[in-house]
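These notes concern the structure reproduced below.
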Amino acid sequence: MDHPTLSDSEFTLFQKMMYDVTGIHLTEVKKTLVSGRLARRIKQLGVGSYGDYFKLLKKPGSTEMQIAVDLLTTNETFFFREQKHFDFLRDRVLPQWDGGMRRLWSAASSSGEEAYTLAMVMAEHARTDAWEIVGTDISSRVVEKAQRGQYPLERAANIPRPLLTRYCLKGVGSQEGTFLVADTLRKRTRFCHANLKGDLSSLGSFDVIFLRNVMIYFDMPTKQQIVARVIQQLKPGGYMMVGHSESLNGVSGALKPVAPSIYQKSLP
Ligand SMILES: C[S@@+](CC[C@H](N)C(=O)[O-])C[C@H]1O[C@@H](n2cnc3c(N)ncnc32)[C@H](O)[C@@H]1O
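At position 223 of the sequence shown the residue is numbered 223 (the numbering used here), and the sequence of numbers has no breaks.
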């Protein structure tokens, strides 16, 4: 049986829910995406319509809301994505750092590739051992993937060979076709669920924040609200990286641009 059709009014329900919960603004052109991504789940549950599925999300105590959010977020990511940010970290940030604990945050980490890339750069180039990486995302499904740290081999395409040799363990037997991020990196990289729209203070403060390829899904008021929250967790003088196609122009007065898509928080 074909899946039911998503009516305009049903689409509006999901659109509003995603905006309220995640800040993601699903424009009208995303209607096909929404119906396509929810179709399998609806079929699996044997629900008759998108409207009925929506009612399930709203049931008190239901875990279905998280499942729908998992399905409706776009989690595309890869190792060493937008390499210039990692070069900046290595060449301009790390040489400034003396002793003391350094903390880096991958603030919409998806399945962990960005956080583990940071860990590789830190392991290779930091002059101290006192550092940790935190990865957070609103999708529980990708947070679990990140925690596993195991990826299909083809995901390693962008990882430079020496790093691949040092930090990626090729799976054998039942794990063939995959690699596991080495324990040395995994023990310094932790992942948890966090909504950028929520209270972020429990994460502590950071020297560097990567907030990349997530603001494209937000409208201007949400972007301003989220950036304001996120930079509360950035130490004065700390750096924030955004996606190459994103910009913080007019979004925050507390950040000054220091390179394309790289900002520094003003000192008090
Ligand atoms: C396209 S991925 C970007 C991953 C990585 N930062 C990169 O640049 O490769 C966007 C991620 O943002 C997450 N996301 C969207 N809205 C969020 C929110 N309100 N709070 C936390 N994460 C969110 C999505 O679940 C998704 O995994």
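Even glycine gets a Cβ: it sits at the ideal position worked out from N, Cα and C. Since this is a predicted model, take the numbers as computed values, not measurements.
Following the DSSP letters along the chain, one finds residue 207 in no alpha helix (DSSP H) but inside the beta strand (DSSP E) bounded by residues 206 to 211. In the structure shown, residue 101 falls within a coil segment according to DSSP collapsed to helix, strand and coil.
Just so you know, the alpha carbons of residue 11 and residue 39 end up roughly 13 Å apart. Shown here, residue 233 sits in coil according to DSSP, grouped into three states, outside any helix or strand. Checking the DSSP bridge columns, you'll see residue 180 partnered with 150, 169.
The count of Cβ pairs closer than 8 Å, one atom from the stretch 231 to 244 and one from the stretch 204 to 220, reaches three, so the stretches are in contact.
For residue 196, the shortest C-beta to heavy atom distance toward ligand 1 is below 7 Å. Annotation for residue 151 indicates a beta carbon at 7 Å or more from all heavy atoms of ligand 1. Distance from the CA of residue 193 to the CA of residue 143, rounded to the nearest whole angstrom, comes to 7 Å. Taking C-beta atoms as the reference points, residue 185 and residue 119 count as a pair closer than 8 Å. Around the CB of residue 196, 16 or more other CB atoms lie within 10 Å, so the residue is classed as buried. Only residues of its own chain outside the window of five on either side were considered, and among them 78, 79, 80 have a CB closer than 7 Å to the CB of residue 158, listed in chain order.
Between the alpha carbons of residue 162 and residue 148 lies a distance of about 22 Å. In this structure residue 251 does not touch residue 214 by the C-beta definition: roughly 13 Å separates them, more than the 8 Å allowed. Looking only at 145, 187, 6, the smallest Cα-Cα distance to residue 70 is reached by 145. In its chain, beyond the 5 residues on either side, 54 have a beta carbon closer than 6 Å to the beta carbon of residue 13. Here residue 191 is near residue 112, since their CB atoms are less than 8 Å apart.
For residue 259, the enclosing beta strand (DSSP E) starts and ends at 255 to 259.
Taking each of 121, 75, 107, 73 in turn and checking the Cα distance to residue 95, the smallest one comes out for 121.
Going by DSSP, residue 193 is part of no alpha helix (DSSP H) but of the beta strand (DSSP E) stretching over 189 to 193.
If you check the CB distance, residue 222 and residue 135 do not come in under 8 Å.
For residue 238, the secondary structure class from DSSP, reduced to helix, strand or coil, is strand.
Considering only 268, 219, 263, the residue with the shortest C-alpha distance to residue 19 is 219. Three or more Cβ pairs closer than 8 Å define a contact, and the stretch 168 to 185 falls short of that threshold against the stretch 89 to 107.
In the DSSP assignment, residue 263 falls within the unbroken beta strand (DSSP E) covering 262 to 265.
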